[in-house]
Amino acid sequence: MTESVNFVETIRKALNDAASGALLMPEELFFVGQDEVKRGRFVSNFEDRVAVVMHNRFQYMMPQPCLRQYDETCPFHDGALEPKETKTHYAWTLWSYDDSARRVGLWKPSQNTPIAQMLDLFELKETITDRDALFTKTGKGPKTTVRVKMWMDPEPFKGGEVATFTEAEILKILKKLIKKRTVEELRQPLEQRKEA
Ligand SMILES: [Zn+2]
1 MTESVNFVET IRKALNDAAS GALLMPEELF FVGQDEVKRG RFVSNFEDRV
51 AVVMHNRFQY MMPQPCLRQY DETCPFHDGA LEPKETKTHY AWTLWSYDDS
101 ARRVGLWKPS QNTPIAQMLD LFELKETITD RDALFTKTGK GPKTTVRVKM
151 WMDPEPFKGG EVATFTEAEI LKILKKLIKK RTVEELRQPL EQRKEA
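So for the sequence shown, our numbering puts the first residue at 1; every next one is plus one.
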């Protein structure tokens with residue numbers, strides 16, 4: 001009986017994770033799951049970001065990098081998407097204690113991402129790399145919010161030498177998010193498409 005309940009919970013969690021995009025993400029991306037707390041450490045400072053142009057259409061297309069950054073033709077221009085569906089995101093290298101690996105933190109400036117809190121700390125201390133950071137995620141769908149808290153005292157990083165990802169490495173990682181789509185395909189919501 002207990003085993004059966006555990007199995008139900010396991011499957012339910014797996015389905016939730018899939019729905020929230022966790023299983024679609026390249027493992028190199030710093031991903032905070034629903035109601036999860038993750039501890040990280042920024043390796044790149046606030047200004048050492050890599051800018052990436054991302055396209056997305058809520059419920060129609062998961063965020064993916066613009067193909068022009070790979071010297072390919074991108075169909076999502078000239079009015080194919082609304083202006084709000086193309087946004088510059090910024091990537092930082094951080095160490096994930098939970099994964100014991102370096103990860104790419106990728107966010108756009110908005111009220112729902114940690115960037116405002118990172119900016120606050122940077123303006124106060126001129127660095128975001130001298131202390132650990134706690135990430136949390138709340139909400140669902142378009143209301144999903146990832147926050148970072150860096151109130152702890154500064155302390156040396158014990159994770160050893162961690163190199164920052166180069167722009168080329170970051171683009172290579174994000175390439176895994178690309179699903180080639182036509183503009184016509186974006187008229188059908190993801191949940192109605194078999195391949196989604
Ligand atoms: Zn594009």
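Ideal placement from N, C-alpha and C gives every residue a C-beta, glycine not left out.
Between D71 and W107, the alpha-carbon positions lie close to 23 Å from each other. The C-alpha of E184 is placed about 44 Å away from the C-alpha of M150. Rounded to whole angstroms, the separation of the alpha carbons of G160 and E169 is 20 Å. The C-beta separation of A51 from Y90 comes to about 6 Å, placing the pair in contact by the 8 Å criterion. In its chain, beyond the 5 residues on either side, P26 have a beta carbon closer than 7 Å to the beta carbon of K176.
In this structure, the C-beta of L67 approaches ligand 1 to less than 7 Å from one of its heavy atoms. Between R41 and A133 the beta-carbon gap is near 7 Å, inside 8 Å, which marks them as a contact. When distances are taken from the beta-carbon of H77 to the heavy atoms of ligand 1, the shortest one is below 7 Å. In the displayed model, L94 falls within a strand according to three-state DSSP.
Following the DSSP letters along the chain, one finds L174 inside the alpha helix (DSSP H) bounded by residues 167-174. Taking non-hydrogen atoms of ligand 1 into account, the C-beta of H55 is found less than 7 Å away from one of them.
Around the CB of K38, 16 or more other CB atoms lie within 10 Å, so the residue is classed as buried. Counting the other Cβ atoms within 10 Å of the Cβ of P83 gives fewer than 16, which makes it exposed. In this structure, P114 lies away from V162, with their beta-carbon atoms at least 8 Å apart.
With respect to the 8 Å criterion, L81 and R102 are not classified as neighbours on the basis of their beta carbons.
Per DSSP, the beta bridge partners of Q64 are H55. Rounded to the nearest angstrom, the Cβ distance from E28 to I173 is 5 Å, consistent with a contact under 8 Å.
Classified as buried, V43 has 16 or more neighbouring CB atoms from the shown chains inside 10 Å of its CB. Boundaries for F122: no beta strand (DSSP E) harbours it, while the alpha helix (DSSP H) harbouring it runs 115-125, taken from the DSSP string.
Rounded to the nearest whole angstrom, the C-alpha separation of C66 and F157 is 34 Å.
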